[in-house]
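Number of protein chains: 2
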Amino acid sequence: MDEIITLDYGSGGKKTSRLIEQTILPDFDNPALNALGDGALVPGSGTLAFSTDSFVVDPLFFPGGDIGKLAVCGTVNDIAMCGAEPKYLSCALIIEEGLKLETLERVLRSMRGAAQKAGVQIVTGDTKVVDRGRGDKLYINTAGIGFQKFVLPGLQAVKPGDAVLVSGTCGDHGTAVMLARSGMMDGDVRSDCAALNRLSEKMLASGAAIRILRDPTRGGLATTLNEFTEGQPFGIELEEEQIPVRPEVRAACDMLGLEPAYCANEGKLVCICAADDAEDLLAVMRSLPEGENAAWIGRVTEDANGRVVMRTGLGGRRILQKLAGAQLPRIC
Amino acid sequence: MDEIITLDYGSGGKKTSRLIEQTILPDFDNPALNALGDGALVPGSGTLAFSTDSFVVDPLFFPGGDIGKLAVCGTVNDIAMCGAEPKYLSCALIIEEGLKLETLERVLRSMRGAAQKAGVQIVTGDTKVVDRGRGDKLYINTAGIGFQKFVLPGLQAVKPGDAVLVSGTCGDHGTAVMLARSGMMDGDVRSDCAALNRLSEKMLASGAAIRILRDPTRGGLATTLNEFTEGQPFGIELEEEQIPVRPEVRAACDMLGLEPAYCANEGKLVCICAADDAEDLLAVMRSLPEGENAAWIGRVTEDANGRVVMRTGLGGRRILQKLAGAQLPRIC
Chain A
76 MDEIITLDYG SGGKKTSRLI EQTILPDFDN PALNALGDGA LVPGSGTLAF
126 STDSFVVDPL FFPGGDIGKL AVCGTVNDIA MCGAEPKYLS CALIIEEGLK
176 LETLERVLRS MRGAAQKAGV QIVTGDTKVV DRGRGDKLYI NTAGIGFQKF
226 VLPGLQAVKP GDAVLVSGTC GDHGTAVMLA RSGMMDGDVR SDCAALNRLS
276 EKMLASGAAI RILRDPTRGG LATTLNEFTE GQPFGIELEE EQIPVRPEVR
326 AACDMLGLEP AYCANEGKLV CICAADDAED LLAVMRSLPE GENAAWIGRV
376 TEDANGRVVM RTGLGGRRIL QKLAGAQLPR IC
Chain B
76 MDEIITLDYG SGGKKTSRLI EQTILPDFDN PALNALGDGA LVPGSGTLAF
126 STDSFVVDPL FFPGGDIGKL AVCGTVNDIA MCGAEPKYLS CALIIEEGLK
176 LETLERVLRS MRGAAQKAGV QIVTGDTKVV DRGRGDKLYI NTAGIGFQKF
226 VLPGLQAVKP GDAVLVSGTC GDHGTAVMLA RSGMMDGDVR SDCAALNRLS
276 EKMLASGAAI RILRDPTRGG LATTLNEFTE GQPFGIELEE EQIPVRPEVR
326 AACDMLGLEP AYCANEGKLV CICAADDAED LLAVMRSLPE GENAAWIGRV
376 TEDANGRVVM RTGLGGRRIL QKLAGAQLPR IC
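Taken in order, these protein sequences are the chains called A and B. The letter at position 47 of the first sequence is residue 122 when you use the numbering used here, and the numbering goes up by one with no holes. The letter at position 33 of the second sequence is residue 108 when you use the numbering used here, and the numbering goes up by one with no holes.
Rendered as structure tokens:
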């Protein structure tokens, strides 16, 4: 097979078939996908969770991950945050003409590894090729189906006094990608890209009064918390000193002019739960590697204006707004 | 709101929220999507059909359709071809910086119209913005979930003597897009872009011994039939004079140097069924507008080499191979 992808590979004809059969299927070996029908048939039951994300991260590879791992973990996490068990993924590739086949293979291997680790199957897919200069090497869309196992009450159940927990250090992914993009990879800062379904399931099975779960990706922790409080009769107050940030991430953020609270994570979740359950829940989270740095970072406040406020170590207070512009374009 | 999309709109912050809330949600009004969780929760049951397609068509608008209508109908059809009832769609946008907001709105309105017409709901989505020169105005991925209503036996049930039916004229979509791309829109040639779920359901409910259904999109009728016969102990013989092609499509194909049998359709299906049921099934198909030009175009033959052969009006025979290269790049 040629070593780079040409437009022929997207024609729907022989070259498309060869690409799919020789390059893609071996990585995602499963009967539903191998049948190569227009769609996959899979067993269903109960309430479904359904989610989609396109991944346009630049560069494709960065310390701690790549676009393939990201595309699997991102959609797995979106489903897990609904209280559902992720089961099936789709994978749709938009390849820019000229991509090295070897690069595609490396990404697909990474997707396979991430899917196996997360316990999900890639059951259906699509491949398109666009002309040179009309894409950027590779974009991947994944959609996912999961089966609801737990009912999360959501924002309406949030009460002043509730605890705000985060499952680990903030800003790792965004900082790693920005460093990789700028060519300043020092290897210390690695993306946290990981599947969170095992963690969320264990948390939900603990019986703690969890109101809502969300993975703070684009826009980071600050933006996710603002999404929680927007238009609600409560605010959130964070203790800056309690927010876990790796020293190397903090140093990189200082250098790049970024704020860790706005930097994307791809393997962390934020949880609002009853304060009485917070310590027990933290212990559950810390019992898994993906939650080992879990921390109680703040609390829900009475605030008619739905503000997110950061209390600094020096006793100051500043309002954390939603990310205003493109601090970090194409981070996922 | 600004009139063009900038990178800020993809940051995950305020501008992304505004774009989603002011531009996207009004078009897809439904509770699951409005909740803006990481994924949608929808009721499930039985065996699920799951499919995905990315749409990279150039140009975005063409006679008879646009990328939005295509993105809805394409995924609806893939699910319908599995014998399932399409219910829920996801919609993921990759927007190139600089796209006019008005263009996006026009596409979204078209998606809404197509979804309503097909009886499906868009329940979850994602929006990314890539820098200028890293996309081409707009790419759309849709994934879809349907519930299986009919079990199609598939290729293993195909027998020599079986009838090959097509639901209408061939090559309309591919030809319309190629004319639009070359600036030669005469308005006569229109894409056949349409949802086929009503047609397929009526066909399957008729009780006819249908072996397999497929919508011949990229690569057209010839490529789809080759996908059927590849590696199988049977071939297909087509009667060229029976294949319905609009005169204006034939004329345009002659001018563009295309072969209608290889030109994409986006609102047609091919069906293999028992010969005894073919006439009754054709009557069922013709009772709906989307099947009004349905025709019996060929039959399954004994052929150890799985060839698709076209018998011409003059008594000649030629082998129709799978599309070899990029006859029609970015047609869908």
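Backbone N, C-alpha and C fix where the C-beta goes; we use that ideal spot for every residue, glycine too. Bear in mind the structure is a predicted one, so any value in this text is a computation, not a measurement.
A:G381 has a beta carbon lying at 9 Å or more from every beta carbon in chain B.
Here the alpha carbon of B:R293 sits roughly 15 Å from the alpha carbon of B:A269. Contact check between the region 291–305 of chain B and the region 213–229 of chain B: fewer than three CB pairs, one atom from each, fall below 8 Å, which does not count as touching. Counted as a single uninterrupted DSSP element, the beta strand (DSSP E) harbouring A:F130 occupies residues T122 to F130. Residue pairing by DSSP places A:R325 opposite no residue, since no beta bridge is assigned to it. With a cutoff of 9 Å on beta-carbon distance, B:A349 and B:L240 are scored as not near each other. Interface annotation for the region 184–200 of chain A against chain B: V198, T199 and G200, criterion Cβ-Cβ distance under 9 Å. Judged by their CB atoms, B:E172 and B:L82 are nearer to each other than the 9 Å cut-off. At a Cβ-Cβ threshold of 9 Å, B:Q196 and B:T122 do not count as neighbours.
Scanning B:C148, B:T178 and B:I372 for the CA closest to the CA of B:E78 turns up B:T178. Under DSSP, B:Y214 shares a beta bridge with B:I169. With its beta carbon at least 9 Å from every one in chain B, A:C148 lies outside the interface. Not one beta carbon of chain B lies nearer than 9 Å to the beta carbon of A:D263. Leaving aside the five residues that flank A:Y337 on each side, the residues in its chain whose CB is nearer than 7 Å to its CB run, in chain order, G294, G295, A297, T298, L398 and Q402. Contacts between B:T304 and chain A, judged by CB atoms closer than 9 Å, are missing: the closest CB pair is about 13 Å apart. Contacts with chain A (Cβ-Cβ distance below 9 Å) from the region 126–141 of chain B involve S126, T127, D128, S129, F130, V131 and D133, listed in chain order. Residues of chain B with a Cβ closer than 9 Å to the Cβ of A:V205 are, in chain order, V131, D133, G210, D211, Y214, P404 and R405. Below the 8 Å Cβ cutoff, chain A contributes L123, F125 and I220 as neighbours of B:I220, in chain order. Listed along chain B, the residues sitting closer than 8 Å to A:G119 by beta-carbon distance are G119, S120, G121, T122, L123 and F222. Shown in chain order are the members of the region 156–177 of chain B whose Cβ falls below 8 Å from a Cβ of chain A: M156, C157, A159, Y163, S165, C166, A167, L168 and I169. Three or more Cβ pairs drawn from the region 121–135 of chain B and the region 245–261 of chain B lie within less than 8 Å of each other, which places the two stretches in contact. Positions of the beta strand (DSSP E) runs, each at least 3 residues long and wholly inside the region 306–378 of chain A, are given as 309–314, 345–348 and 370–377 in order along the chain. For B:M259, no beta strand (DSSP E) segment is defined, and its DSSP state is neither H nor E. The beta carbon of B:R273 sits no closer than 9 Å to any beta carbon of chain A. When C-alpha distances from A:E276 are compared across A:G140, A:A193, A:M330 and A:R392, the shortest belongs to A:A193. Contact of A:S242 with chain B by beta-carbon distance below 7 Å is absent, the smallest such distance being about 15 Å. The Cβ of B:G391 sits no closer than 9 Å to any Cβ of chain A.
By the CB criterion at 9 Å, B:V359 and B:I287 fall outside the cutoff.
The three-state secondary structure of A:M186, taken from DSSP, is helix. Contact check between the region 310–320 of chain A and the region 382–396 of chain A: three or more CB pairs, one atom from each, fall below 8 Å, which counts as touching. For B:S266, none of the residues of chain A pass the 8 Å Cβ criterion, the least Cβ distance being about 16 Å. Contact of A:R286 with chain B is not assigned, every C-beta pair being separated by 9 Å or more.
For B:G143, the enclosing alpha helix (DSSP H) starts and ends at I142 to A155. Residue pairing from DSSP places B:E160 in a beta bridge opposite B:F222. Within its own chain, the residues whose Cβ lies closer than 7 Å to the Cβ of B:P308, once the five positions on either side in sequence are excluded, are A379, listed in chain order. Taking a C-beta distance under 9 Å as the contact criterion, B:G140 and B:E377 do not qualify as a contact pair.
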